[in-house]
Amino acid sequence: MKSELHLLRQRLAPSGRLRVAINLGNAMLARQAGTDGELGGLSVLLARHLAERLELPLDLLPYRAAGEVVADAGRQRWDLAFLARDPERARTIAYSVPYARIEGCYLVAADSPCHSNEQLDRPGMRIAVGRGAAYDLHLSRTLQQAQLIRAATTPGAVVLFLEQGLDAAAGIRGPLRQWAATRPGFRLLEENFMLIEQALAVPRGEDDAIVAGLDALLAELRQQDLLAQWCRELSLAELGLEVPTVQ
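For this note's numbering, add 513 to where a residue sits in the sequence shown, where the first one is 1.
In structure tokens:
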């Protein structure tokens, strides 16, 4: 394994530093204390573990939204990112196996007549979504009649939903559930519109050995039960995050 780690270190971070993009648009996986505060969350713990395992100094690069991370994929601004797997993104990004799965769902007003995803996909229905998020890409492909109204970031989608009186906001079940729990005028639809697979990501065109090496490190983490341990410490299972089990 030592020789494999040496090869992965050279190919993944040729500068000698591991530059990791942190998507703050996904509140289940990353957060920042204030504008310039300390970064935390599952993706940050993963980044630190990988840097330690590869014996590399770590640079954490915060981004407001996944779309901004994807836009920088071909600009050599980061070596590794944490992103949802999506076929459109796969044109410029290569993915590891999933390390977590989370639910995409809709937030609606408590008195909304909609109780299913199908009821939202009708003419005249307007749904707020964060531009470039995995669920924006998914819903852009799958919605037949509803209109997507895009906010600059995922948290901004809820603000847009409120300000414009839209019919729903699309997002991640965990953070939306927390938001709605303190606001009795809102509820979540019970069914998901997608299951989002979170993975390690590298710019497309890199050596396939990089992805294979990342897959091996994730398998090691699962064998050691570290991913599940971190999720318990961060109370992520309670928010609907699922860690794939060891095969």
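All C-beta atoms in this analysis are idealised placements derived from N, C-alpha and C, irrespective of residue type, glycine included.
**OP:** Let me know if R696 comes out buried or exposed under the rule of 16 or more other beta-carbons within 10 Å of its beta-carbon.
**Re:** On the sequence shown, residue 696 is found 183 positions in, with the first residue counted as 1. By the C-beta density criterion, R696 is exposed, having fewer than 16 other C-beta atoms within 10 angstroms.
Original post:
Applying the criterion that 16 or more other CB atoms from any shown protein chain within 10 Å of the CB defines a buried residue, is R686 buried or exposed?
Top reply: Position 173 of the sequence shown, counted from the first residue, corresponds to residue 686. Buried.
**OP:** Please determine, among F674, A729, L747 and L740, the residue with the shortest C-alpha to C-alpha distance to S609.
**Re:** Looking up residue 609 in the sequence shown gives position 96. Nearest neighbour of S609 by Cα position, chosen from F674, A729, L747 and L740, turns out to be A729.
**OP:** Identify every run of the beta strand (DSSP E) within the region 563-600, keeping only runs that are complete inside it and at least 3 residues long; order them along the chain.
**Re:** Correct list: 571-576 and 593-597.
Original post:
Are the C-beta of P611 and some C-beta of chain C separated by less than 7 Å?
Top reply: Within the model displayed, chain C is absent; a lone protein chain is all it includes.
Original post:
Can at least three beta-carbon pairs, one atom from the region 677-685 and one from the region 633-644, be found at a separation below 8 Å?
Top reply: Yes, the region 677-685 touches the region 633-644.
Subject >> Distance between beta carbons of R700 and V621, contact taken as under 8 Å >> reply: The count along the sequence shown starts at 1 and reaches residue 621 at position 108. The count along the sequence shown starts at 1 and reaches residue 700 at position 187. The Cβ separation is near 6 Å, so the contact holds.
Original post:
So what does Q711 bridge to, in DSSP terms?
Top reply: What you label residue 711 is simply residue 198 of the sequence shown in a count that begins at 1. Listed as beta-bridge partners of Q711 by DSSP are A597 and A613.
**OP:** Indicate the three-state DSSP secondary structure (helix, strand or coil) for C744 in the structure shown.
**Re:** Numbered from 1 along the sequence shown, position 231 holds the residue referred to as residue 744. Taken through DSSP and simplified to helix, strand or coil, C744 comes out as helix.
Original post:
What's the gap between the Cα of A732 and the Cα of L559?
Top reply: Residue 732 sits at position 219 when you count from the first residue of the sequence shown. Residue 559 sits at position 46 when you count from the first residue of the sequence shown. A732 and L559: Cα-Cα distance of roughly 13 Å.
Original post:
Between the region 731-751 and the region 652-662, do three or more beta carbon pairs fall short of 8 Å?
Top reply: Short answer: they don't touch.
Subject >> Whole-Å CB distance - T666 paired with A578, under 8 Å assumed >> reply: Here residue 666 refers to the residue found at position 153 when the sequence shown is read from its first residue. Here residue 578 refers to the residue found at position 65 when the sequence shown is read from its first residue. Sure, about 5 Å apart at Cβ, within 8 Å.
Original post:
Should the region 569-584 be regarded as contacting the region 522-537, the criterion being three or more beta carbon pairs within less than 8 Å?
Top reply: Yes, since at least three Cβ pairs between the region 569-584 and the region 522-537 fall closer than 8 Å, the two stretches touch.
**OP:** Leaving aside the five residues before and after F674 along the sequence, list all residues of the same chain whose C-beta is less than 6 Å from its C-beta, in chain order.
**Re:** Sequence index remark: in the sequence shown, residue 674 carries index 161 (1-based). The residues are A641 and A682.
Subject >> A623 to L650 span [Cα, whole Å] >> reply: Taking the first residue of the sequence shown as 1, we reach residue 623 at position 110. Taking the first residue of the sequence shown as 1, we reach residue 650 at position 137. Cα-Cα distance, rounded: 27 Å.
Original post:
How long is the line joining the alpha carbons of S748 and A741, rounded to whole angstroms?
Top reply: Translated into the one-based positions of the sequence shown, residue 748 becomes position 235. Translated into the one-based positions of the sequence shown, residue 741 becomes position 228. Using only the alpha carbons, I get a separation of about 10 Å.
**OP:** My understanding is that L596 touches I606, with C-beta atoms under 8 Å, so please give their C-beta distance in whole angstroms.
**Re:** Counting from 1 along the sequence shown, the entry for residue 596 is found at position 83. Counting from 1 along the sequence shown, the entry for residue 606 is found at position 93. Rounded, the Cβ-Cβ distance is 7 Å, consistent with contact.
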